[in-house]
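Below is one structure, written out as structure tokens; comments come after it.
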Amino acid sequence: MARRLAMVLFGAAVLLGGRAAMALPEPTGPHPVGTRLVDLAGAGQVQLWYPAAGEGAPAPYRLHEPAGLPWLPRTAARRDAPMATSPGFVILVPGWGGRRWDLTGLATDLASHGGHCDAD
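Going left to right, the sequence shown walks through residues 87 to 206 as our numbering numbers them.
Here it is in structure tokens:
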């Protein structure tokens with residue numbers, strides 16, 4: 087019984103580990119995109135997406151990825167890239183129990199067109 091369970095778990099690990107990561111659509115705007123987490127006193131964290139003035143490390147789908155899950159989508163945003171100036175500002179609020187990373191594709195695309203996007 088223990089051997090069978092070990093074989094099933096090993097097989098699941100091989101199958102899940104070999105799964106290719108999904109990629110989100112490329113942003114349609116002309117600007118590179120940066121993202122970062124900001125701690126707000128007593129209010130938790132807010133994630134920002136913005137037009138970037140430079141490069142940074144590639145940002146994961148979730149900035150605090152659980153166990154580095156390899157099949158989470160890749161993003162076009164760069165983590166902690168320098169911020170460029172921007173005329174627009176958008177606050178994104180995920181509804182129905184959604185999480186801020188659910189809006190990554192939309193926020194990245196809006197930021198690529200010059201807008202700053204914030205989601206809690």
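Cβ coordinates follow ideal geometry from the N, Cα and C atoms, glycine included.
Neighbourhood of serine 198 by C-beta distance below 8 Å, restricted to the same chain and skipping five residues each side: As a position in the sequence shown, residue 198 is number 112, starting the count at 1. Closer than 8 Å at Cβ, skipping near neighbours: Pro113, Thr114, Gly115, Pro116, His117, Pro118, Val119, Pro137, Ala162.
Range of the contiguous beta strand (DSSP E) that encloses alanine 197: Reading the sequence shown from its first residue, position 111 is the one you call residue 197. For alanine 197, no beta strand (DSSP E) segment is defined; the enclosing uninterrupted segment is the alpha helix (DSSP H) at 190 to 198.
Proximity of glycine 142 and arginine 160 at Cβ, strictly below 8 Å: Position 56 of the sequence shown, counted from the first residue, corresponds to residue 142. Position 74 of the sequence shown, counted from the first residue, corresponds to residue 160. Taking 8 Å as the Cβ cut-off, glycine 142 and arginine 160 do not qualify as a contacting pair.
Residue of Asp206, Asp204, Gly140, Val179 minimising C-alpha distance to proline 168: Numbered from 1 along the sequence shown, position 82 holds the residue referred to as residue 168. Per the Cα distances, Gly140.
Beta-carbon spacing of leucine 189, proline 180 below 8 Å: Within the sequence shown, residue 189 is the residue found at index 103, counting from 1. Within the sequence shown, residue 180 is the residue found at index 94, counting from 1. Yes; because the gap between Cβ atoms is below 8 Å, this pair is in contact.
DSSP beta-bridge partners of leucine 110: For the purposes of this step, residue 110 is taken as the residue at position 24 of the sequence shown. In the DSSP output, where bridge partners are listed per residue, leucine 110 has none listed.
Same chain, Cβ closer than 6 Å to phenylalanine 175, neighbours up to 5 away in sequence not counted: Indexing the sequence shown from 1 puts residue 175 at position 89. Once the five neighbours on either side are set aside, the close Cβ partners of phenylalanine 175 are His202.
Beta-carbon contacts of alanine 145 that lie in its chain and below 7 Å, excluding the five residues immediately before and after: Here residue 145 is taken as the residue at index 59 of the sequence shown, counted from 1. Excluding sequence neighbours, alanine 145 sits near Thr121, Thr161, Ala163, Arg164, Arg165.
Cβ shell of tryptophan 187 (< 7 Å), same chain only, five flanking positions each side left out: Residue 187 sits at position 101 when you count from the first residue of the sequence shown. These residues qualify, in order along the chain: Tyr147, Arg148.
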